[in-house]
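In my numbering, the protein residues as written are 18 to 175.
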């Protein structure tokens with residue numbers, strides 16, 4: 018639901034996929050659910066994060082595509098977000114099996130989501146998205162396509 022995360026995803030998704038597919042980069046997503054209070058009581062951030070963690074654990078090769086799918090026509094902060102059925106539908110369209118998508122509503126990864134959120138704040142994360150390349154915060158323009166790939170290439174000595 019974070020508008021800045023959505024803007025980042027829309028600008029960088031193609032490059033992130035290419036970097037991961039080529040083996041040049043490994044993407045680690047630390048899910049956060051701090052915007053639950055901004056989803057009209059539906060706990061959208063928790064439900065979406067739970068779904069992403071579920072996919073990452075059960076079908077990890079589909080996680081990045083599903084993450085991208087969650088940001089297509091992203092629900093606005095302050096809205097109720099997507100329903101469980103809509104989250105599952107986006108997952109299936111991203112290649113996730115129906116069996117895994119059907120498991121989202123059970124919130125089986127709630128504990129992991131909460132721990133990830135709390136650990137991120139404890140580690141000093143003060144804004145989202147926070148992007149690190151080899152442990153160093155990337156502080157350039159997150160919202161311009163190509164900027165992240167250029168930084169990864171530079172870090173790799175290209």
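Each residue gets a CB set at the ideal place from its N, CA and C atoms; glycine is no exception. Since we're looking at a predicted model, the values are computed, not measured.
So, at 7 Å on beta carbons, what are the nonlocal neighbours of residue i in its own chain, with the 5 sequence-adjacent residues on each side left out?
i	result
residue 75	117
residue 169	36, 41, 42 and 150
residue 119	105
residue 101	64, 121 and 122
residue 55	18, 94 and 95
residue 128	none
Confirm, please, whether the CB-CB distance from residue j to residue i is below 8 Å.
i	j	result
residue 64	residue 86	no
residue 130	residue 45	no
residue 62	residue 51	yes
Could you round the C-beta distance between residue i and residue j to whole angstroms and report it? I think they count as a contact, below 8 Å.
i	j	result
residue 28	residue 49	No, residue 28 and residue 49 are not in contact; Cβ-Cβ is about 19 Å, not under 8 Å.
residue 32	residue 166	4 Å
residue 113	residue 79	5 Å
residue 47	residue 137	5 Å
Please classify residue i as buried or exposed, where buried requires at least 16 other C-beta atoms within 10 Å of its C-beta.
i	result
residue 23	buried
residue 126	buried
residue 15	As shown, the chain starts at 18 and ends at 175. That puts residue 15 outside it, with no answer to give.
residue 158	exposed
residue 89	exposed
residue 140	exposed
Ordered along the chain, which non-local residues of its own chain (more than five positions away) have a Cβ less than 6 Å from that of residue i?
i	result
residue 187	This structure cannot settle anything about residue 187, because the visible part of the chain is limited to 18 through 175.
Query raised in the report: Any contact of the stretch 151-161 with the stretch 92-99, i.e. 3+ C-beta pairs under 8 Å?
Result: no
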